[in-house]
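Reviewing the structure listed below.
Numbering (the working numbering), first residue to last: 217 to 442.
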């Protein structure tokens with residue numbers, strides 16, 4: 217076990233309306249294990265991204281704890297939490313996340329340079345090639361399609377080489393062939409690289425790559441058969 221959530225939930229308070237709170241994520245306990253792919257499916261608005269952000273150390277739970285190798289993420293000061301995230305948690309967000317001032321290759325190298333002073337150029341180029349965008353290494357993000365931007369973000373997360381990889385809709389802008397390639401690469405990162413991989417998606421196709429499958433509906437998490 218690398219990452220553990222202990223009865224975490226997220227409630228938002230409203231200023232008006234019949235109810236003064238909205239429960240985006242109901243109490244959840246779960247584990248992410250080394251060498252495993254956990255897939256979470258559910259409709260838009262079901263709470264999937266909120267849960268991922270809490271697991272990533274990006275959104276403080278209303279209740280409960282998130283432990284990374286026994287360390288309580290939200291008990292850390294901001295600076296220590298930022299460093300821990302940079303070193304051990306890689307995130308592929310839903311939206312546009314590459315910096316326009318850097319090339320695709322420079323974006324892939326950025327987390328390692330910031331947190332470990334690494335310049336894993338050959339590693340980054342290798343991931344870009346595997347993801348089918350090696351020829352775009354020196355291209356700026358503004359010149360890329362949505363699918364190319366998504367693969368650039370995945371390459372950055374893989375180059376970061378963190379123990380935990382959390383991906384939010386990693387195949388959302390991809391065609392069927394690219395989707396299969398990306399899901400295979402992420403599965404290999406878990407199996408060969410020993411990472412704990414957590415995929416949030418609305419695509420049932422991802423279940424074929426799962427060691428464990430979960431569904432979220434209305435903020436409630438249940439385990440399903442992959």
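The beta-carbon is built from N, C-alpha and C at its ideal position, and this holds for glycine as well.
Per DSSP, the bridge partner or partners of residue i
| i | result |
| --- | --- |
| residue 228 | 238 |
| residue 281 | 222 |
| residue 396 | Per DSSP, none; premise fails for residue 396. |
| residue 301 | According to DSSP, which records beta bridges pairwise, residue 301 is partnered with nothing at all. |
| residue 288 | 283 |
| residue 387 | Residue 387 is not bridged to any residue. |
| residue 423 | Note: residue 423 sits in no beta bridge, so no partner. |
| residue 382 | 307, 414 |
| residue 244 | 224 |
Residue i: first and last residue of the uninterrupted beta strand (DSSP E) it sits in
| i | result |
| --- | --- |
| residue 362 | Segment 362 to 376 is the alpha helix (DSSP H) holding residue 362; no beta strand (DSSP E) there. |
| residue 347 | No beta strand (DSSP E) holds residue 347; DSSP gives it neither H nor E. |
| residue 428 | 428 to 433 |
| residue 411 | Premise fails: residue 411 is in no beta strand (DSSP E) and is neither H nor E. |
| residue 256 | 253 to 257 |
| residue 274 | Looking at the DSSP string, residue 274 is not in any beta strand (DSSP E), and its letter there is neither H nor E. |
| residue 437 | 436 to 440 |
Delimiting residues of the alpha helix (DSSP H) encompassing residue i
| i | result |
| --- | --- |
| residue 336 | Unbroken run through residue 336: none, as it is neither H nor E. |
| residue 265 | 264 to 271 |
Cβ-based neighbour list, residue i, same chain, cut-off 6 Å, excluding 5 preceding and 5 following
| i | result |
| --- | --- |
| residue 253 | 403, 406, 413, 425, 426, 427 |
| residue 373 | 306, 308, 381 |
| residue 272 | 305, 307, 382 |
| residue 378 | 304, 305, 306 |
| residue 223 | 243, 245, 280 |
| residue 227 | 237, 239, 278 |
| residue 250 | 218, 410, 412 |
| residue 283 | 220 |
Same chain only: Cβ atoms within 7 Å of residue i, ignoring 5 sequence neighbours per side
| i | result |
| --- | --- |
| residue 353 | 319, 320, 321, 341, 344 |
| residue 311 | none |
| residue 384 | 265, 268, 308, 309, 310, 416 |
| residue 302 | 327, 330, 331 |
| residue 248 | 218, 219, 254, 380, 412, 414 |
| residue 433 | 258, 262 |
| residue 355 | 319, 320 |
Other residues of its chain near residue i: CB distance less than 8 Å, five sequence neighbours each side excluded
| i | result |
| --- | --- |
| residue 274 | 301, 307 |
| residue 230 | 236, 237, 238 |
| residue 395 | 387, 419, 421 |
| residue 430 | 246, 254, 255, 256, 257, 437, 438, 439, 440 |
| residue 375 | 324, 325, 327, 328, 336, 339, 340, 343 |
Interface flag, residue i vs chain B, CB-CB below 8 Å
| i | result |
| --- | --- |
| residue 334 | Looking for chain B here will not work: only one protein chain is present. |
Quick one: any contact between the segment 355 to 364 and the segment 328 to 340, if contact means 3 or more CB pairs under 8 Å? no
Do the segment 237 to 257 and the segment 291 to 299 meet, that is, are 3 or more Cβ pairs less than 8 Å apart? no
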